[in-house]
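Engineer:
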Amino acid sequence: MWGLSISNINMIETLLGGEFAREPVNMQSVVLGMLLAFLSGQVLAWVYMITHSGLSYSRTYVNSLVIIPFLVAMVMMVLANNIITAFGLMALFAIVRFRNILRDTLDTCYILSAITVGMAAGTQRYATTVIGLAILGGILLYLHTASFGSRHRYDLVLNLHWNRPLAELPELVSLLNRHSRRTQCASQRAHDEGEGTDLSYRLLLRDPSRVDDLFKEVRSIPGTARVTGLTARDESEM
Numbered sequence: 275m276w277g278l279s280i281s282n283i284n285m286i287e288t289l290l291g292g293e294f295a296r297e298p299v300n301m302q303s304v305v306l307g308m309l310l311a312f313l314s315g316q317v318l319a320w321v322y323m324i325t326h327s328g329l330s331y332s333r334t335y336v337n338s339l340v341i342i343p344f345l346v347a348m349v350m351m352v353l354a355n356n357i358i359t360a361f362g363l364m365a366l367f368a369i370v371r372f373r374n375i376l377r378d379t380l381d382t383c384y385i386l387s388a389i390t391v392g393m394a395a396g397t398q399r400y401a402t403t404v405i406g407l408a409i410l411g412g413i414l415l416y417l418h419t420a421s422f423g424s425r426h427r428y429d430l431v432l433n434l435h436w437n438r439p440l441a442e443l444p445e446l447v448s449l450l451n452r453h454s455r456r457t458q459c460a461s462q463r464a465h466d467e468g469e470g471t472d473l474s475y476r477l478l479l480r481d482p483s484r485v486d487d488l489f490k491e492v493r494s495i496p497g498t499a500r501v502t503g504l505t506a507r508d509e510s511e512m
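The opening position of the sequence shown corresponds to residue 275 in the numbering used here, with each subsequent residue numbered one higher.
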């Protein structure tokens, strides 16, 4: 039993402190490089979330911005100026890309993660494999648990028909502003022959529990009709 414990301890020490490749690396620089790559990905992801203004938004794409810098850093540590390993990596990527069509960027990151970890182990960089896998697993769990990349910019989409002149819309907008912290007109479509205007507003409510009160007050305004609402979820995939 004692001999087994000693062998287990020796194995753990080998994994955490052993680099049997031709060009061993400094493990402190490995950890520092991985953490710096992760923090850099976080900065890029936050900037993307803040500045994104397009119609298409993907939470998994934001997650990939965090993971990819870490994977690239780990790949460069594994390659370590080894051109043979670099060609092997290119061949693996080509096989995966040819045999599989991955529509989700996060799925692609998982495939790249598996290839990178396998290469690290196959090139006898055991310490890099263990430390990289531990940090990578922590990053993936953090992104999942924290729902990183999701955005919540509005609670309700309010649709209605406005039969009065558009110059009198401030009365409606004033009411919406009393109930919401942010009011955005998403669409405005005028009918021919003066039959009114279809309006759609995105609202970030001050108190989501008072949605019924909002509907009652909007319907009580003269000139409103066909008032409907759609509850919005976090913008994880749009």
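Ideal placement from N, C-alpha and C gives every residue a C-beta, glycine not left out.
#1: Starting from Asn433, follow its DSSP beta bridges and name the residues at the other end.
#2: Could you check which residue in Thr471, Thr402, Ser424 has the C-alpha nearest to that of Tyr331?
#3: Gln398 by DSSP, collapsed to three states: which one?
#4: Thr471 and Arg463 - do their beta-carbons sit closer together than 8 Å?
#5: Is Arg484 helix, strand or coil by DSSP?
#6: What is the DSSP secondary structure of Arg452, counted as helix, strand or coil?
#7: Among Glu491, Leu478, Ile495, which residue has its Cα nearest to the Cα of Leu504?
#8: Buried or exposed: which applies to Ala420, given that a residue is buried once 16 or more other Cβ atoms fall within 10 Å of its Cβ?
#9: Decide yes or no for the touch test of the stretch 445 to 454 against the stretch 487 to 502: beta carbon pairs closer than 8 Å, at least 3 of them.
#10: Quick check on Leu443: does DSSP put it in helix, strand or coil?
#11: With a threshold of 8 Å on Cβ separation, who are the neighbours of Met323 within its own chain once the five nearest residues in sequence on each side are excluded?
#12: Tell me whether Arg427 sits in a helix, a strand or coil according to DSSP, three-state version.
#13: Within 8 Å, do at least three Cβ pairs link the stretch 408 to 415 to the stretch 431 to 448?
#14: Quick check on Ser461: does DSSP put it in helix, strand or coil?
#15: Using only the alpha-carbon positions, how far apart do Ala388 and Arg399 sit?
Structural biologist: Taking the definition as stated:
#1: Locating residue 433 in the sequence shown gives position 159, counting from the first residue. Bridge partners of Asn433: Ser474, Thr502.
#2: In the sequence shown, counting from the first residue as 1, residue 331 sits at position 57. Closest by C-alpha distance to Tyr331, out of Thr471, Thr402, Ser424, is Ser424.
#3: Within the sequence shown, numbered from 1, the residue matching residue 398 stands at position 124. Look at Gln398 here: in three-state DSSP terms it is coil, with no helix or strand label.
#4: The sequence position of residue 463 within the sequence shown is 189, counting from 1. The sequence position of residue 471 within the sequence shown is 197, counting from 1. In this structure, Thr471 lies closer than 8 Å to Arg463 by Cβ.
#5: Residue mapping note: residue 484 aligns to position 210 of the sequence shown, counting from 1. Arg484: helix per DSSP, three-state reduction.
#6: The residue given as residue 452 occupies position 178 in the sequence shown. Helix.
#7: Position 230 of the sequence shown holds residue 504. For Leu504, the nearest C-alpha among the options comes from Leu478.
#8: Sequence index remark: in the sequence shown, residue 420 carries index 146 (1-based). By the Cβ neighbour-count rule, Ala420 is exposed, with fewer than 16 other Cβ atoms within 10 Å of its own.
#9: Counting C-beta pairs closer than 8 Å gives three or more between the stretch 445 to 454 and the stretch 487 to 502, which meets the contact rule.
#10: The residue labelled residue 443 in the question sits at position 169 within the sequence shown. If DSSP states are grouped into helix, strand and coil, Leu443 belongs with coil.
#11: Walking along the sequence shown from the start, residue 323 turns up at place 49. Within the same chain, Met323 has close Cβ partners Val336, Gly423, Arg425.
#12: Working through the sequence shown from its first residue, we reach residue 427 at position 153. Residue state, collapsed to three classes: coil.
#13: No, because fewer than three Cβ pairs between the stretch 431 to 448 and the stretch 408 to 415 fall closer than 8 Å, the two stretches do not touch.
#14: In the sequence shown, residue 461 corresponds to position 187, counting from 1. Looking at Ser461 - three-state DSSP - the assignment turns out to be strand.
#15: Numbered from 1 along the sequence shown, position 114 holds the residue referred to as residue 388. Numbered from 1 along the sequence shown, position 125 holds the residue referred to as residue 399. Rounded to the nearest angstrom, the gap between the Cα atoms of Ala388 and Arg399 is 15 Å.
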